[in-house]
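If you're matching them up, the sequences are chains A and B in order. The first sequence begins at 30 in the numbering used here and counts up one residue at a time. The second sequence begins at 30 in the numbering used here and counts up one residue at a time. Ideal Cβ positions, reconstructed from N, Cα and C, are used throughout, including at glycine. Here the structure is laid out as structure tokens; the discussion comes afterwards.
Number of protein chains: 2
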Amino acid sequence: MVERAADLIDADGSAALSLAALAGAFGVRTPSLYNHVGGLDDLRGALRLRGLEMLEQRLQRAAVGRAGRDALVAVAGAYRDFAHEHPGLYGLTLGAGGGESDTVRDAEAAGAAAARLVEVVLSVLRGYRLEGEDALHATRALRASLHGFVALESAGAFGLKLDLDVSFERLIDLHHRSLAERSSRG
Amino acid sequence: MVERAADLIDADGSAALSLAALAGAFGVRTPSLYNHVGGLDDLRGALRLRGLEMLEQRLQRAAVGRAGRDALVAVAGAYRDFAHEHPGLYGLTLGAGGGESDTVRDAEAAGAAAARLVEVVLSVLRGYRLEGEDALHATRALRASLHGFVALESAGAFGLKLDLDVSFERLIDLHHRSLAERSSRG
DNA sequence: GTTATAGCCTAATCCTCTTAGTTCGTCAAG
DNA sequence: CTTGACGAACTAAGAGGATTAGGCTATAAC
């Protein structure tokens with residue numbers, strides 16, 4: 030159910046998520062969906078959770094067995110790939126944190142998934158021997174750059190024909206060098 | 030008209046923009062709005078244009094008379110301030126580039142405003158003696174970081190209590206150092 | 001003074017989400 | 001085998017929101 034909804038949203042954009050469309054995909058009348066989900070907001074909450082969990086899992090996998098620059102590049106690449114493959118899910122993942130009226134369980138689980146996600150990034154930074162507040166600020170900086178890049182990319186906000194892969198590479202390299210420098214100084 | 034809509038969207042969030050609410054704010058019935066605007070999509074297009082123009086103007090003002098690090102910090106701060114003061118407008122500004130069916134004029138004007146916006150950032154980078162593709166990649170990196178930061182900030186995605194101003198400062202500093210280094214090497 | 005236009009209105013249509021109440025089939029307990 | 005509970009579908013109905021069509025009035029242009 031949530032899977033089908035995820036397919037819909039990834040294929041046709043976040044605005045295309047409607048109970049009517051979802052019911053159609055199941056060959057069922059709209060009100061019948063209320064036997065399985067609390068409503069549209071609820072469904073969004075479930076999708077958000079799903080997105081966070083998938084993203085976290087991908088980053089985790091990308092990070093395992095790597096350290097330093099390798100880990101950074103792998104995790105960043107995994108992040109961007111996820112956003113490309115699941116634009117709808119990715120969009121919801123960021124949407125208003127505790128938004129409205131998700132199922133309480135979903136909201137809690139989403140918070141936990143988000144925390145694990147930050148954990149993964151932190152673990153990458155640990156490879157640079159960063160700890161404490163420095164690591165937290167660096168995590169924020171990295172998340173901001175990653176999210177900003179894929180968001181602008183998805184929105185088509187990068188007008189020029191300049192190679193996006195190169196831009197992304199450089200952005201990550203920028204972080205790498207800053208982290209390496211900070212690390213060698215500490 | 031568009032101004033009132035902008036107030037609405039900044040006060041109550043992007044989802045609260047409805048023709049009904051706008052008509053209410055004017056003490057008028059919903060269909061009457063069609064004498065002034067082509068429809069909801071059209072209104073969004075006009076708002077997007079307005080947001081881009083305001084943002085561009087602010088960055089422009091922040092950059093004038095400054096160079097190098099000063100200019101970078103001022104422009105970045107102006108960017109973040111705008112997003113804080115006009116969260117609704119800012120959100121639309123990024124929304125799908127040529128989205129759907131804006132008025133053609135608006136779409137063109139929005140493209141032009143976006144181009145001018147990039148121009149401002151490029152002019153800041155020129156203070157670092159960056160030119161050509163390097164400058165374009167750096168512009169993308171900077172835009173990505175700025176947008177990502179304010180977007181995550183607005184979404185409440187930065188969970189921890191850690192001071193956001195400090196995080197932002199460090200992010201900008203990161204770009205500054207990278208630019209300065211690149212500049213001294215070139 | 002007549003006409004054109006701008007801008008408002010009501011009425012009506014079409015969507016979407018949502019709730020309430022009903023029906024039907026399955027499955028376990030007696 | 002009967003019966004009762006439960007899950008999951010349905011129809012009916014209502015509340016909003018966008019949009020179109022057609023009609024009324026006032027003001028500005030000739």
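task: For G188/A, return the contacting residues in chain B, with the cut-off set at a CB-CB distance below 9 Å.
output: In the first sequence, the residue the question calls residue 188/A occupies position 159. Those are G126, G140, A143, A144 and V147, listed as they occur along chain B.
- prompt: Would you call the segment 100-108 of chain B and the segment 146-162 of chain B in contact, with 3 or more CB pairs under 8 Å?
  reply: yes
- prompt: By how many angstroms is the C-alpha of S47/A removed from the C-alpha of L69/A?
  reply: In the first sequence, counting from the first residue as 1, residue 69/A sits at position 40. In the first sequence, counting from the first residue as 1, residue 47/A sits at position 18. Distance between the alpha carbons of L69/A and S47/A is about 7 Å.
message: Can you find the residues in the same chain that come closer than 8 Å, C-beta to C-beta, to F178/A, ignoring five residues on each side of it along the sequence?
response: The residue labelled residue 178/A in the question sits at position 149 within the first sequence. Cβ within range, chain order: R109, S196, F197 and L200.
query: On the three-state DSSP scale, how would you describe D70/B?
result: Counted from its first residue, the second sequence places residue 70/B at position 41. Residue state, collapsed to three classes: helix.
Three-state class that DSSP yields for M83/B in the structure shown: By one-based count along the second sequence, residue 83/B stands at place 54. Reduced to three states, the DSSP call for M83/B is helix.
message: Please report whether the beta-carbon of V195/A lies at a distance below 8 Å from any beta-carbon of chain B.
response: Numbered from 1 along the first sequence, position 166 holds the residue referred to as residue 195/A. V195/A counts as touching chain B.
query: Does the beta-carbon of S61/B have 16 or more other beta-carbons within 10 angstroms, so that it is buried, or is it exposed?
result: In the second sequence, counting from the first residue as 1, residue 61/B sits at position 32. By the 10 Å Cβ count, S61/B comes out exposed.
task: Mind reading off the beta-carbon distance from A170/A to L171/B? Whole number of angstroms is fine, and I expect it under 8 Å.
output: Taking the first sequence and counting its residues from 1, one reaches residue 170/A at position 141. Taking the second sequence and counting its residues from 1, one reaches residue 171/B at position 142. With 8 Å as the limit, A170/A and L171/B do not qualify as a contact, their Cβ atoms being about 12 Å apart.
Cβ contact check for the segment 79-95 of chain A and the segment 181-193 of chain A: 3 or more pairs under 8 Å: no
query: Just how far apart, CA to CA, sit L37/B and H113/B?
result: Here residue 37/B refers to the residue found at position 8 of the second sequence. Here residue 113/B refers to the residue found at position 84 of the second sequence. About 15 Å.
task: Leaving aside the five residues before and after A96/B along the sequence, list all residues of the same chain whose C-beta is less than 6 Å from its C-beta, in chain order.
output: Position 67 of the second sequence, counted from the start, is the residue given in the question as residue 96/B. Same-chain partners within the cutoff: G156.
Neighbouring residues, chain A, relative to G177/B (Cβ below 8 Å): Within the second sequence, residue 177/B is the residue found at index 148, counting from 1. Under the 8 Å cutoff, chain A gives R172, A173, S174, L175, H176, G177, F178 and A180.
- request: Under 9 Å between beta-carbons, which chain A residues line up against E32/B? List them in chain order, please.
  value: Here residue 32/B is taken as the residue at index 3 of the second sequence, counted from 1. Neighbours of E32/B on chain A: none; closest Cβ ~25 Å, over 9 Å.
message: Going by beta-carbon coordinates alone, are E162/B and L191/A separated by less than 8 Å?
response: Translated into positions along the second sequence, residue 162/B becomes position 133. Translated into positions along the first sequence, residue 191/A becomes position 162. The answer is yes: Cβ separation under 8 Å.
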